[in-house]
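Heads up: the sequence lines are chains A and B, in that order. 78 is the number of the first residue of the first sequence in the working numbering; add one for each residue after it. 78 is the number of the first residue of the second sequence in the working numbering; add one for each residue after it. Each residue gets a CB set at the ideal place from its N, CA and C atoms; glycine is no exception.
2 protein chains.
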Amino acid sequence: MPVHEFKVEMTCGGCAASVERVLEKLGDKVDKININVEDRTVTVTSNLSPDELMEQIRKTGKTVTYVGVKKE
Amino acid sequence: MPVHEFKVEMTCGGCAASVERVLEKLGDKVDKININVEDRTVTVTSNLSPDELMEQIRKTGKTVTYVGVKKE
Numbered sequence: 078m079p080v081h082e083f084k085v086e087m088t089c090g091g092c093a094a095s096v097e098r099v100l101e102k103l104g105d106k107v108d109k110i111n112i113n114v115e116d117r118t119v120t121v122t123s124n125l126s127p128d129e130l131m132e133q134i135r136k137t138g139k140t141v142t143y144v145g146v147k148k149e
Numbered sequence: 078m079p080v081h082e083f084k085v086e087m088t089c090g091g092c093a094a095s096v097e098r099v100l101e102k103l104g105d106k107v108d109k110i111n112i113n114v115e116d117r118t119v120t121v122t123s124n125l126s127p128d129e130l131m132e133q134i135r136k137t138g139k140t141v142t143y144v145g146v147k148k149e
């Protein structure tokens, strides 16, 4: 399953928790979520398209950019 | 127009900006937005129902509770 990487404008643990909760609403469609506030990086393991994932993250009101599929 | 008060789990300026952006998506349906991160208070001047406003704020992934209509 692809691991999609995004840059999300996060500045505290509360920001990270918000992003995580919004992604968790996708349920089974998302396999793994990894968030690093310092790097402002969110990786999502999912078969959903980058656009679908970006749309979901954007609901938080945070600026999101797509980096690409993460290389192992 | 009623001023609805909510408590929203916010811990930094980024959290506040997210809540503001999500409420601004309601456009003309919202007249004024006031956010105080320290008090975790969000007040919204709008004819929308508390439930509609709460639903919108909840999109951020943050915990929200409704306080009531603010007395002037």
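Nearest neighbour of residue i, chosen from the options [CA to CA]
i         : options                                      : result
B/Asn-111 : B/Gln-133, B/Tyr-143 and B/His-81            : B/His-81
B/Val-96  : A/Cys-89, A/Glu-97, A/Thr-137 and A/Asp-108  : A/Thr-137
B/Lys-109 : B/Glu-115, B/Asp-116 and B/Glu-101           : B/Glu-101
A/Asn-113 : A/Gly-104, A/Thr-142, A/Met-131 and A/Met-87 : A/Met-87
B/Asp-105 : B/Met-78, B/Lys-84 and B/Thr-140             : B/Met-78
Neighbour flag for residue i against chain B, beta carbons, 8 angstroms
i         : result
A/Thr-142 : no
A/Thr-118 : no
A/Thr-122 : no
Inter-residue spacing [alpha-carbon to alpha-carbon] between residue i and residue j
i         : j         : result
A/Ser-126 : B/Lys-147 : 43 angstroms
B/Arg-98  : A/Arg-135 : 10 angstroms
B/Asn-124 : B/Val-107 : 7 angstroms
B/Asp-128 : A/Tyr-143 : 33 angstroms
B/Thr-122 : A/Thr-118 : 35 angstroms
A/Lys-139 : B/Gly-145 : 27 angstroms
Contacts that residue i makes with chain A (C-beta to C-beta distance below 7 angstroms)
i        : result
B/Met-87 : Gly-91
B/Val-99 : Gly-138
Residues that residue i contacts on chain A, provided the C-beta gap is smaller than 9 angstroms
i        : result
B/Ser-95 : Glu-86, Cys-92, Ser-95, Thr-137, Gly-138 and Lys-139
Where residue i sits in the DSSP three-state scheme
i         : result
A/Gly-138 : coil
A/Val-99  : helix
A/Glu-82  : strand
A/Asp-105 : helix
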